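Everything below concerns the one structure shown next.
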Amino acid sequence: MISSIKKISFTLAMTLLCGTYVSSAQAEPVSIGAVIPLSGASATIGADQLRGIEIATEEVNAKGGVLGQPLKVIVEDSGGRPPSALDAARKLVTVNNVPLVIGEYSSGNTLPIGQYLVQQKRIHLNPASTSGLLRDLGEGHFSLVGLDHVTTKFAADDIMAQGWRKAVIIAPNNAFGQGVIEQFTKHFKAAGGQVLASIAYPEGQTTYRRELQQLAQAKPDVFVYSAYSREGAVINREASELGLNETPWYGYLLSMSTADSDPKTKQGQYGLEVNYIGPNGGAYQDAYKKKYGEDFRTTWNGYTYDAVKIAAAAINKAGSTDPAAIGAALKELGKGYEGATGQITFDANRMRDSQPYLKMKVDNGKLVLR
Amino acid sequence: MVQFFSDVLIRTVDLALIAVGLSCVYSLIRFPNIALVQYAVAGSFLALLLQGAGLPLPVAGLLACLLVGGLAVLLNVTVFERLLASGSAIAMVGSLAVTMILSAVFLVVFGPDSRRFDLDSHPVIRVLDARLTVHQLTAVGLTAGAVIVLALLLFRTTLGRSMRATATNRVLAAATGIDARLITNTVVFLSGVLAALGGIGLALKGEMNIQLGMDVLLPVFAAAILGGLGNALGAVAGAVIIATAETLVTNVNLGPLVGEPLLFLPASYATAMSFLILVAALLVRPHGLFVNEVKRV
Amino acid sequence: MFEFLIHVSTMACLFGLLALSLNLQVGFAGLVNFGHIALFGCGTYGAAIAFANQWGPVAGLLLGGAAAALLALAFARLGRNLGADYWGIATLSIAEILRTFATNEQWLTGGAQGIHGLPMLFGSLPAPWGPLATLGLCAVLLAVCWALCQRLVNGRYGLALKLLREEPQLASSLGYDLAALRRTPLVISGLIAAVAGFLFAHYTTFVGPDQLYSAETFLIWSMLIVGGLGNNLGAVAGAFLMQFLLAYVPFVKDALGLPSEFVAAMRLTLVGGGLLAFLLWRTQGLIPERIGGRHA
Chain H
110 MISSIKKISF
120 TLAMTLLCGT
130 YVSSAQAEPV
140 SIGAVIPLSG
150 ASATIGADQL
160 RGIEIATEEV
170 NAKGGVLGQP
180 LKVIVEDSGG
190 RPPSALDAAR
200 KLVTVNNVPL
210 VIGEYSSGNT
220 LPIGQYLVQQ
230 KRIHLNPAST
240 SGLLRDLGEG
250 HFSLVGLDHV
260 TTKFAADDIM
270 AQGWRKAVII
280 APNNAFGQGV
290 IEQFTKHFKA
300 AGGQVLASIA
310 YPEGQTTYRR
320 ELQQLAQAKP
330 DVFVYSAYSR
340 EGAVINREAS
350 ELGLNETPWY
360 GYLLSMSTAD
370 SDPKTKQGQY
380 GLEVNYIGPN
390 GGAYQDAYKK
400 KYGEDFRTTW
410 NGYTYDAVKI
420 AAAAINKAGS
430 TDPAAIGAAL
440 KELGKGYEGA
450 TGQITFDANR
460 MRDSQPYLKM
470 KVDNGKLVLR
Chain W
11 MVQFFSDVLI
21 RTVDLALIAV
31 GLSCVYSLIR
41 FPNIALVQYA
51 VAGSFLALLL
61 QGAGLPLPVA
71 GLLACLLVGG
81 LAVLLNVTVF
91 ERLLASGSAI
101 AMVGSLAVTM
111 ILSAVFLVVF
121 GPDSRRFDLD
131 SHPVIRVLDA
141 RLTVHQLTAV
151 GLTAGAVIVL
161 ALLLFRTTLG
171 RSMRATATNR
181 VLAAATGIDA
191 RLITNTVVFL
201 SGVLAALGGI
211 GLALKGEMNI
221 QLGMDVLLPV
231 FAAAILGGLG
241 NALGAVAGAV
251 IIATAETLVT
261 NVNLGPLVGE
271 PLLFLPASYA
281 TAMSFLILVA
291 ALLVRPHGLF
301 VNEVKRV
Chain P
516 MFEFLIHVST
526 MACLFGLLAL
536 SLNLQVGFAG
546 LVNFGHIALF
556 GCGTYGAAIA
566 FANQWGPVAG
576 LLLGGAAAAL
586 LALAFARLGR
596 NLGADYWGIA
606 TLSIAEILRT
616 FATNEQWLTG
626 GAQGIHGLPM
636 LFGSLPAPWG
646 PLATLGLCAV
656 LLAVCWALCQ
666 RLVNGRYGLA
676 LKLLREEPQL
686 ASSLGYDLAA
696 LRRTPLVISG
706 LIAAVAGFLF
716 AHYTTFVGPD
726 QLYSAETFLI
736 WSMLIVGGLG
746 NNLGAVAGAF
756 LMQFLLAYVP
766 FVKDALGLPS
776 EFVAAMRLTL
786 VGGGLLAFLL
796 WRTQGLIPER
806 IGGRHA
């Protein structure tokens, strides 16, 4: 019995191994990897990240690929859980032997895979996570998105400029939300404002009325909030039911926070948005609309798009797929790369140090510049 | 104060029907069926599909409830009856497996985005100092109505008497000519209908999402267990307790006690609160607050 | 490829430890624990907290072990007069409470961002040898724990456990102290899970609350059911089979040129469908429990 199981699993493993071997031997594209959440709680966002990757890959290959070969992005599902994300990263490094991996979305997964990739001396491009801890990952890690201290400072200054002095903040109780609350509170105080109350809410509740009313008791000038689309819909609906939308609302990453919300419940909200339509982003936006027949689903597809494009550019510039050479080329490119999300420049820690943010508001269900 | 009660009421309604369904069916099948929370999701999405096919919402909702009831019976006959032969723990793990498979099915069929019924906007009604919407009041009405109908069914009809008899002593009930299997499947059907109605009630207030089942799983179980599994109306009381505890944690200002303007318990512990109450209650009353049962070991 | 095989084998060994320890509770003592991942979490956070405070890894192991033992005792106390299904939900609740605690108490656990940068086991060894040494250590520990579990369940004590599982009243009437009889396997099982957690923390070098979702407990459950409840070899076989299947799903995708979404749906189907299929058609699992002790 036991031996037969062993035999079966061994045969199965060998079949799988050989299958992979054959398929990778047939064509010889230049491969890079990506780990994104295609299942689990952030699946909507992962699916949109995939769209950015697809468009970028098509564009790169239409222009002759990299090093004279077609570019291939091997996309793996992280399942939204750290062990699967690590499995995926390890598979990409040890089996597909890719020099560079893009990923993930949530900081809780980006941190461990980043750490692994840096240990393995591969290049890691972070297309979404904003946790300040990413700064310490070390040589080989590049962040294409401004970390939370950059974004929250912008938000704090923007809110002060509206004349709102007393704020309350509500954000999800995860690595992203805890970072936003901490950093925003710090910057808003430094700018001369007051954060009267803050709540890190548990994700996936059927109602947030209680949390919202607790904040309302503080009688703030403005509600600052950040939410994934699903919770954002609940929060916006309940805030308007409770009449709290008579006070101004400020959405931190406004498109993400309002994506699933009923247009009536988000009317007039202010907020900031990462500038996914940079000066060069118009063509990308058109390509996206043409391919998928709708406007951007989330903010995040632009970053994976830029990640693939800048990776391809770096490989071409380096003239090889050696990770160290690609890293050096990335640093060189990072002195001023024009991406779809605006100009990308890296600081000494290879973090994007400036990010063009947009001051937006919601009007008739659409985000418009204010 | 009125606002406080309305918050408690709304959260209670979110949990009550699914918890009642869970508790009700437990009295006959003797294992907590985790898949019930997925029946709620199925109910809301089926109603959405049927509404999309052109049916008016009440008809679509009713039809969805009946379909989910049918699904519950189907799963009970094909899966759970067989698993129960190996014991209640095995059946419970089996219901967990069904839950996962249903998750995969929902992901493929409905996708991960939130959806909502095609309804008129949500005009806000002021009841004293509380603010509620028509759809919330509808959900409250649906829940109350369903619970009353269930109570009448259980305590005023022959069917209800047979159910309670089978639950108390299956062998004896069979000896008096009651078809235990038929009764069980009737209750399974009812539990499916209740769960689907609960899911529709949740979606009626605002939005529906395929994750919803997993999201309410623990609070629903906490409510059902607090009320005593098998005691259908106890589950309603359990839901009230859970909702009250959560609302107290998030909304009572402790500031005046210590001379500060605002001081709250951390809201991030609100969900943990209900589990804490559950564990504490089980320590004191091992079979829930409203059940007097002999020790089953 | 070879390195990936080592990685998957290491993970399989760690999950093998978890499956063994859950089997001790469910398979032999009949304790339906749905909060098993919390015992594992004691191990991971023991390692992480010791690292953050620079107490050294030995302290981390001790801390994790002590926390797991305490938690196991709490589980046992809670189970003194609860029915199996009630106890299952209670343990699930406790695991969720502890996960919430780990998410919220940033001063102790690093909050949702967790604690990262733990030193790798054998991190100083060059490339193929470090991971190989780790795998070796995990495999040895798995063998040791397996032997321990075998010893425990094959003797008179094991029979008492099975009696407890099948006929608690009879066991009680024969003079067995049921509470004590439940306590011992729980504590031992907690210690094994904590060791697995400690190794996991130092292997992945990152500890966070996202590792402690109840879905992880359910994954261990399906390993156990597939492998065979009440059989130590079955538990380990189930863990290896599931771990390898899950890790190699992406290769099927690569080989057949399927879209990446396939992996997501396939994983859910493998865990849920595998679990259900075995429950329905082969309840005893791949390697059935041996009835009647070692001579049967």
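Protein chains in written order, with the numbering used here: chain H, 110 to 479; chain W, 11 to 307; chain P, 516 to 811. Here a beta-carbon is modelled for each residue, glycine too, at the ideal position from N, C-alpha and C. The model shown is predicted, which means the values in this text are computed figures rather than measured ones.
With respect to the beta strand (DSSP E) encompassing residue i, which residues constitute its N-terminal and C-terminal limits?
i              : result
D472 (chain H) : 466–472
Q452 (chain H) : 451–453
E185 (chain H) : 180–186
T143 (chain W) : 140–143
Q819 (chain P) : Any property of residue 819 (chain P) remains undetermined from this structure, which presents chain P solely from 516 to 811.
P281 (chain H) : 275–281
E447 (chain H) : 446–448
Is residue i close to chain P, meaning its C-beta is less than 7 Å from at least one C-beta of that chain?
i              : result
A134 (chain H) : Residue placement at A134 (chain H) cannot be trusted, given a pLDDT of 41 that sits under 50; the coordinates are not used to answer.
R199 (chain H) : yes
A29 (chain W)  : no
S240 (chain H) : yes
A416 (chain H) : no
N77 (chain H)  : In the structure as shown, chain H begins at 110 and stops at 479. Residue 77 (chain H) is therefore absent and cannot be evaluated.
A327 (chain H) : no
N410 (chain H) : no
Kindly list the residues whose CB is nearer than 8 Å to the CB of residue i, restricted to its own chain and excluding five residues on each side of it in sequence; keep chain order.
i              : result
V12 (chain W)  : V137, L138, D139, A140
L623 (chain P) : I564
G223 (chain H) : H233, N235, L243, L246, H250
G217 (chain H) : P191, N283, A284
D371 (chain H) : A342, N345, R346
Q323 (chain H) : A306, I308
T294 (chain H) : I278, V304, S307
R797 (chain P) : none
Within the 7 Å Cβ cut-off, does residue i reach chain W?
i              : result
Q322 (chain H) : yes
T153 (chain H) : yes
E185 (chain H) : no
R339 (chain H) : yes
L783 (chain P) : yes
Residue i lies in the alpha helix (DSSP H); which residues open and close that run?
i              : result
D24 (chain W)  : 12–39
L667 (chain P) : 644–669
H717 (chain P) : 693–719
N345 (chain H) : 338–350
I268 (chain H) : 257–270
Residues in its own chain within less than 6 Å of residue i by CB, not counting five upstream and five downstream?
i              : result
V751 (chain P) : G531
A421 (chain H) : V169, V175, L180
A26 (chain W)  : T153, V246, A249
At the 7 Å Cβ level, is residue i part of the contact set with chain H, yes or no?
i              : result
F519 (chain P) : yes
Q758 (chain P) : no
L73 (chain W)  : no
T257 (chain W) : yes
Note down, in chain order, each residue of its chain lying with its Cβ closer than 7 Å to the Cβ of residue i, except the 5 sequence neighbours on either side.
i              : result
A632 (chain P) : Per the sequence shown, the amino acid found at residue 632 (chain P) is Gly instead of Ala. These residues qualify, in order along the chain: T720.
*Note down, in chain order, all residues in the region 793–806 of chain P with a beta-carbon under 7 Å from any beta-carbon belonging to chain H.*
In summary, the residues of the region 793–806 of chain P whose CB is separated from some CB of chain H by less than 7 Å are L801, I802, in the order they occur in the chain.
*asked:* Does the region 719–727 of chain P come into contact with the region 610–623 of chain P, if we say contact requires no fewer than three beta-carbon pairs (one atom in each stretch) closer than 8 Å?
replied: Yes, the region 719–727 of chain P touches the region 610–623 of chain P.
*asked:* Contact between the region 461–477 of chain H and the region 213–233 of chain W is defined here as three or more beta-carbon pairs at a separation below 8 Å; is this criterion met?
replied: In the pairwise beta carbon analysis, the region 461–477 of chain H is classified as not touching the region 213–233 of chain W: fewer than three pairs are separated by under 8 Å.
*Near-chain H residues of the region 55–68 of chain W - C-beta to any C-beta below 9 Å*: Listed by position along the chain: nothing, the set is empty.
*Of the residues that make up the region 290–310 of chain H, which ones have a beta carbon closer than 8 Å to any beta carbon in chain W?*
Those residues of the region 290–310 of chain H that come within reach of chain W (Cβ to Cβ, closer than 8 Å) are L305, A306, I308, A309, Y310.
*What residues from the region 413–443 of chain H come within 9 Å of chain P, judged by C-beta to C-beta, listed N to C?*
Within the region 413–443 of chain H, no residue qualifies.
*asked:* Counting only Cβ-Cβ distances shorter than 9 Å, please list the residues of the region 97–112 of chain W near chain P, keeping chain order.
replied: From the region 97–112 of chain W, only G97, S98, A99, I100, A101, M102, V103, G104, L106, A107, V108, T109, M110, I111, L112 have a Cβ closer than 9 Å to chain P.
*Does the region 155–174 of chain W come close enough to the region 248–268 of chain W that 3 or more CB-CB pairs lie under 8 Å?*
Using a Cβ-Cβ distance cut-off of 8 Å, the region 248–268 of chain W and the region 155–174 of chain W are not in contact, since fewer than three pairs of beta carbons, one from each stretch, lie closer than that value.
*Contact between the region 600–608 of chain P and the region 699–719 of chain P (3+ Cβ pairs under 8 Å)*: No contact exists between the region 600–608 of chain P and the region 699–719 of chain P.
*Quick one, which residues of the region 731–750 of chain P are near chain W if we go by CB-CB under 7 Å, in chain order?*
For the region 731–750 of chain P, which is checked against every Cβ of chain W, the residues closer than 7 Å are F733, W736, I740.
*Contacting positions in the region 667–698 of chain P - beta carbon closer than 7 Å to chain W*: The residues in question are P683, Q684.
*Taking Cβ-Cβ distances below 8 Å as the criterion, which residues of the region 277–300 of chain W are in contact with chain H?*
Answer set for the region 277–300 of chain W: A277, S278, A280, T281.
_Proximal residues, the region 137–156 of chain W versus chain H, C-beta separation under 9 Å_ = Shown in chain order are the members of the region 137–156 of chain W whose Cβ falls below 9 Å from a Cβ of chain H: R141, L142, T143, Q146.
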